[in-house]
Every structure is written in C-alpha cells, then in structure tokens.
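*Asks:* Here the sequence shown stands for residues 10 to 547, where the numbers follow our numbering.
Don't be surprised by glycine CBs; every beta carbon is placed ideally from N, CA and C.
Remember, predicted model here, so these are calculated numbers, not experimental data.
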Amino acid sequence: MVVLGGGFGGVYAALGLERLAAQGARVEVSLVNRENYLVFQPMLAEVVAGDVGILDTVSPLRQMLPGTELYVREIEAVDVDRKVVRLGAGLTPQTYELAYDHLVVALGNVTDFRGIPGLPEHALGFKALADAVRIRNHVINVLEQASVVRDAEVRRSMLTFVVAGGGFSGTEVAAALNDFVRRAVGDYRSLRREELRVVLVHSGKQVLERELTPGLARYATKTLGEQGIELMLGERLVAASPHGAVLGDGRRISTRTLISTVPSSPNPVVERMGLPTVRGRLECDGTMAVKGCEGALWAVGDCALIPMRDGSPSPPTAQHAIRQAKVLAANIVASEEGARRKVFAFKGLGKLGALGHRRAVAELPGGVTVEGRLAWLMWRCIYWAKLPGASRKTKVALSWLSDLALPSHPVQLNLGGGRGATQAHYEPGEVVFEEGDTGDSLFMILSGEVEVSQRVGGETRHIGTLGPGEYFGEMALLGAGARSASTRAATALDLLVLPGSDFAALAESMSEFRGQFERIARARAEADAARAASSSPD
Ligand SMILES: Cc1cc2nc3c(=O)[nH]c(=O)nc-3n(C[C@H](O)[C@H](O)[C@H](O)COP(=O)(O)OP(=O)(O)OC[C@H]3O[C@@H](n4cnc5c(N)ncnc54)[C@H](O)[C@@H]3O)c2cc1C
C-alpha cells in the first residue's frame, strides 16, 4: 500500500494500516511526503505569535510511523494504468518509481495565487510551517526597518499589515499577528503602538460567516474590531505590488506585508491524474474508493470529495481527514479480504476559532455555542489534547506556561542565503525606484511599460519609455551607486529582478554580459549628459 501525503489524512491512514498489520492483516505500507514531519496546522498561528516554539507544532513521521517505509521526496506523477508513482530526484539525479497494489491519495490542496496580479510575487501564504516562520521573520524585519525610518509615509506603510481572507485561517493569523506586533512594539524605542495598523480584508459581511452560526460570526467580527484590527468587509483583494494591496473598489492599502489565505487550489499531482474531480477534489464513494478505480485507488482529506450520509461533501478539516483515514484503512484490508467495506459517517465534533487576546469562539454539537475566555480555554485544551504524542504535548504545555511568565520577544531566525532572481508586479502609476535611491537590483521587463524621468535643470522631464525585453537599473550597479533617474509603471508591469550581488557575480565571470550592460549604461549616460548640457543657461 502506498500513501501519498503526510498530512492528517495520509499519516492517520498509514497509522490505521500499521495497526491492522499488528492484528494480523497482510499489509506493507510506504508513505511519500515532501517533509519528514506532520504539521499540526491548527496551531500555526501560535508560531507566528511566538506563543509556541517553531518545532512544537510538528511531529516526526519516523517516530509516528515505525512500521511504514518513508520516502521524503517530491511526488511528480501517478500512472494509474501501470500502478506506479513517480518520485522526483532527491540528492541523486535519478527519479524513482514506486509500485503499488493500493494507492491512498492524501495530498491536500495547495496555495495558488495565480490569477490575482502581484499575489504570487508579493503575498505570503499561510498553510505550511515554513509559511508561519516566514511571516514571523518578515514581520520582525519590517519592525526593525521601520524603527529607523524617518519618512512618515514609508514608516506608515511598513507598520501596516494586511491579511486577506476572513475564514478560520485568515481570522486566526490576523488575530495572532495583531497580538504579536502590539506586544513586540514595546521592544522598539522609536515605535508607538498607535502607529500600527492590522487590516483584515474579507469578501463577506462578517468574518467566519460561512463557518459559524450568525451569532458567533457577529461576536468574532466585533471582538477583532475591539482589538484594533481594521476590518474591510465586503471587499476583495484584486492586485498586489511590493508597496501595497489593491481592493476591488480601487482603494489601495500601502503596506509591505500582505498575507493571503485565499485562494487554495487542487494539488497539481491530483489534477494530472486525469480522474473524475469536482472542484479539483477526487470524486469518491462513501467508502473512499475513487470513482472508476474501485479496489485500487482511494482518497482522503482535503483532496477528496467524500459524500456524507446526507449526500453533502465531507468538509476539508483535520477532524474529518483523521476519521476518514481510520475507516479507509479498514476498508482497504476489507477489500483485500473480500469483506464488506464501511461507509464514512461522521458528523463533526464542532468548530473552534481563536480570536487573539485570549478570546475564541466554539460551536459544539447540539447547537451549543461558547465565546470569549471560556471558548479560548476550550480551544487550548482541545487542541492540546489532539496534539500527536506525549513529547509534543509536553513541549507545547511548557511553551504556554513559560509564555505566561516570560513573554517571547521579536527575535528573527536568520537562515542567511541570497534571494536569487525574483519577479515583481507593479500596478499602473506605482514607482519602481526614485532618482537618488540606492541601486541594489537590475530589472528586466517581462510585460508592460516603464516610464523613465529625470530632474533636469530643476524640472522633472520624461526621458523615455521602456517595454518588454528591455533592462533598466544597470547604471547604479555599474558604478554610480545611486539611481540617476526615476522609473514608474506606465501600465501593469511585470519585472524580473536580479539582486545587485548576483549581477556583480555574473558581470565578474562573464565579460560579454558585463560588456553588454556597460554599452547600454554608456549610451544612457551620454544621453543624460546631453540633456543636462541642453538645459544649462549658456
Ligand atoms: C492554518 C490552518 C489552520 C487550520 N486549522 C484547523 C482546525 O483548527 N481544525 C481543523 O479541523 N482543521 C483545520 N485546518 C484544516 C486542516 O489542517 C486540513 O483539513 C487538513 O490538514 C487536511 O489534511 P490532508 O492530509 O488532506 O492534507 P494536508 O494536511 O495538506 O497534507 C498534504 C501533505 O501532502 C504533501 N504533499 C503535497 N503535494 C506533494 C508532492 N507533490 N510531493 C510530496 N508531498 C506532497 C504536503 O507536503 C502535505 O504534507 C487548518 C488548516 C490551515 C492551513
């Protein structure tokens, strides 16, 4: 049996199969996952806030699944006809094929920012452990930079934090971020709490309105507002750039931090399997067999569309994935033994959402609702009890206890390493750089146009328009140090950005590369000199 994915669905399916093997079932289990750990996603917001340690939310798969062969690799494709899974190259350059009798697909879904201009380049996702660490590091970096910036507008933009999406993960990360920055600001002499702005953009009229009862959604919305979170409701994010977020009504929020919890998309491996899907989820029957492939292919968790008893699809939550996985393990063994398979029937144990400031909301079975501090205590107790393994429970309990007496401080995890080439998106009218700025990157235009202007004889003159395939920014890198002109997006603009250090390395080792840019820089410098001469009084 091969299990694809080491999230809740995959790990609990492998665990179920291991248990059945211990009871005498003839199964051999392999699991493939990108990481060698399971992430406890409900606590990721606590990592952002620093309420728990970075590794407190992960459980090592080798320890959880001692009877399973673990492959820590990228899954590239599944060949359903040949019954093999192709794994990507690891440290060796060869790909690897893994044959199966039964395949469990538990690959979840993926964050997919394509379709909203600027989001892939400038938004931070919030799904994996790396996302939580990246957000925390980025926010601390912004606080550090803002603490020494004097320009009021730039400082305001740096101290504005925007979260898009008012579902559970968006609400929880906005609340955790708000708690964290308001606490952290005390460590910076030059920053004041009133300068901070945490904005939550949500398309609905209330946060969590699709997830909870109207009363709880109202309470959640009111509580976030009382904590100083600025709610922009009935709004959608339509574009992003290095300096801001653009909303559907045309408003721009100037910010250096944009976290988006929407949209998510089907896992590309699942999409490429060519099997029947509904909104990207593999269509299954109630026993979790994938339609058209009964007896060999199964699916659980967020990537599977599993009907519940009333015909509605099972929701994409950890509690459902875990229950599905347990039934699925028994069904695989039953199908091998020619026994009857069970139909998945689980109604859910309720819903919990943390709102920051030690407040939460809880919707329990039977229509019971709880809010405020009691709900927050329930949130902590329930998720603590659900953490896999005694060592994880101990670590989280110690983190929470120590946090009461010794609150965490904004310390970055600097992993070093350069950024390499990246892409950037600018909306029409946005400045790429100003004359006099320090030159730290070279820009290549992928699409759109750039207007170049320069101050000549006390007035600003338009000196040219650049289009796709052209470069700019080389003059400062090749010697001047500071930008000799200003550049602004004339249309929606997509750029490839090469950091100055990478440009220097290429220019040093490739004389043709350097020569090409020196020629462009010389021609532009001559044009600058001619303009200056023509504007001088004599
Ligand atoms: C921030 C956040 C908070 C949440 N809070 C709650 C909550 O409080 N309660 C609740 O019930 N649910 C919660 N959820 C939802 C819950 O986490 C998911 O429903 C659950 O994790 C789904 O499990 P899964 O196994 O289907 O997918 P996932 O957990 O997404 O696991 C998929 C696994 O497959 C791996 N993978 C994917 N593609 C490849 C590839 N090509 N190669 C190798 N490996 C690959 C991934 O690395 C991952 O380990 C939350 C989700 C998030 C993001």
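Can you give me the Cβ contacts of D503 inside the same chain, cut-off strictly under 7 Å, excluding the 5 residues immediately before and after it?
*Replies:* Taken in chain order, the residues that qualify are Q432, H434, L455, S456, G457.
*Asks:* Tell me which same chain residues have a C-beta within less than 8 Å of the C-beta of R191, skipping the five on either side of it?
*Replies:* Within the same chain, R191 has close Cβ partners R202, L205, G237.
*Asks:* For the beta strand (DSSP E) containing A363, name the first residue and the last one.
*Replies:* A363 -> beta strand (DSSP E) spans 360–365.
*Asks:* Would you identify the three-state DSSP class for C390, choosing helix, strand or coil?
*Replies:* In the structure shown, C390 sits in a helix (DSSP, three-state: H, G or I).
*Asks:* Our contact map puts A86 next to R95 with C-beta atoms below 8 Å; I'd like the distance itself, whole angstroms only.
*Replies:* Indeed they touch by this definition, with Cβ atoms about 5 Å apart.
*Asks:* Mark Q50 as exposed unless 16 or more other C-beta atoms lie within 10 angstroms of its C-beta, in which case mark it buried.
*Replies:* Q50 is buried by the Cβ-count criterion.
*Asks:* If you reduce the DSSP assignment to three classes, tell me which class V38 lands in.
*Replies:* DSSP places V38 in coil when its eight states are reduced to three.
*Asks:* Between D110, R523, T266, F526, which has its C-alpha nearest F170's C-alpha?
*Replies:* For the residues D110, R523, T266, F526, the minimum Cα distance to F170 belongs to T266.
*Asks:* Look at the Cβ atom of F353, then the Cβ atom of G295, and state whether they are nearer than 8 Å.
*Replies:* Against a cut-off of 8 Å, the Cβ pair of G295 and F353 comes out as a contact.
*Asks:* What's the gap between the Cα of V20 and the Cα of E153?
*Replies:* Answer to the nearest angstrom: the Cα atoms are 40 Å apart.
*Asks:* Is the beta carbon of L314 closer than 8 Å to that of L284?
*Replies:* Contact flag unset, no.
*Asks:* Tell me, which residues are paired with W307 by DSSP?
*Replies:* Per DSSP, V113, A298.
*Asks:* In whole angstroms, what separates the C-alpha of R165 from that of S400?
*Replies:* Using only the alpha carbons, I get a separation of about 43 Å.
*Asks:* I need the straight-line Cα distance from V4 to G224, nearest angstrom please.
*Replies:* In this structure the chain extends from 10 to 547, so residue 4 is not present and cannot be described.
*Asks:* Is it true that the segment 168–188 meets the segment 49–66, where meeting means three or more beta-carbon pairs spaced less than 8 Å apart?
*Replies:* The segment 168–188, when compared against the segment 49–66, does touch it at the 8 Å Cβ threshold.
*Asks:* Would the beta-carbon of G117 be found less than 7 Å away from any heavy atom of ligand 1?
*Replies:* For ligand 1, at least one heavy atom lies less than 7 Å from the Cβ of G117.
*Asks:* Output the distance between the C-alpha atoms of D140 and A532, rounded to the nearest integer angstrom.
*Replies:* Straight-line Cα distance between these residues: approximately 44 Å.
*Asks:* Could you check if H418 is buried or exposed, using at least 16 other CB atoms within 10 Å of its CB as the buried criterion?
*Replies:* The residue is exposed, with fewer than 16 neighbouring Cβ atoms inside 10 Å.
*Asks:* Give me the DSSP bridge partner(s) of M453.
*Replies:* According to DSSP, which records beta bridges pairwise, M453 is partnered with Y480, L505.
*Asks:* Check whether the segment 367–375 and the segment 385–399 touch, using three or more Cβ-Cβ pairs below 8 Å as the test.
*Replies:* The segment 367–375 is in contact with the segment 385–399.
*Asks:* Please state if the CB of M297 and the CB of L337 are separated by a distance shorter than 8 Å.
*Replies:* A contact, by the Cβ cut-off of 8 Å.
*Asks:* Run the CB neighbour count on T101, radius 10 Å, all protein chains shown included, and call it buried at 16 or more, exposed below.
*Replies:* T101 is exposed by the Cβ-count criterion.
*Asks:* Cβ of G99 within 8 Å of Cβ of R71?
*Replies:* Not a contact, by the Cβ cut-off of 8 Å.
*Asks:* Rounding to the nearest angstrom, what Cα-Cα distance links S269 and D121 in this structure?
*Replies:* Going from the Cα of S269 to the Cα of D121 covers about 10 Å.
*Asks:* Quick check: A229 and L361, are their CB atoms within less than 8 Å of each other?
*Replies:* No, the Cβ-Cβ distance between A229 and L361 is not below 8 Å.
*Asks:* Quick one, are the C-beta atoms of V114 and L13 less than 8 Å apart?
*Replies:* Going by C-beta atoms, V114 is nearer than 8 Å to L13.
*Asks:* What residues in its chain sit with their C-beta under 8 Å from that of L29, if we drop five residues either side in the sequence?
*Replies:* V36, A338, A339, V342.
*Asks:* Are V465 and A536 touching if we call contact CB-CB under 8 Å?
*Replies:* Contact flag unset, no.
*Asks:* Would you kindly check if the distance between the Cβ of T264 and the Cβ of L217 is under 8 Å?
*Replies:* Contact: no.
*Asks:* Give the DSSP bridge partners of M241, in chain order.
*Replies:* Beta-bridge pairing links M241 to V210.
*Asks:* Could you compute how far the alpha carbon of D442 sits from the alpha carbon of G174?
*Replies:* Note that residue 442 corresponds to Phe in the displayed sequence, not to Asp. Roughly 30 Å separates the two Cα atoms.
*Asks:* From the DSSP output, which residues share a beta bridge with R528?
*Replies:* R528 pairs with nothing; no bridge assigned.
*Asks:* Among residues of its own chain, excluding the 5 on either side of A226, which ones have a beta-carbon nearer than 7 Å to its beta-carbon?
*Replies:* Answer for A226: Q215, V216, L217, E218, listed in chain order.
*Asks:* Which one of G482, E44, L475, G478 has the shortest CA to CA distance from T447?
*Replies:* It is G482.
*Asks:* Measuring only the C-alpha atoms, how far is M241 from R261?
*Replies:* Cα to Cα, the separation comes out at about 12 Å.
*Asks:* Hey, how far is the Cα of L373 from the Cα of L358?
*Replies:* Cα to Cα, the separation comes out at about 7 Å.
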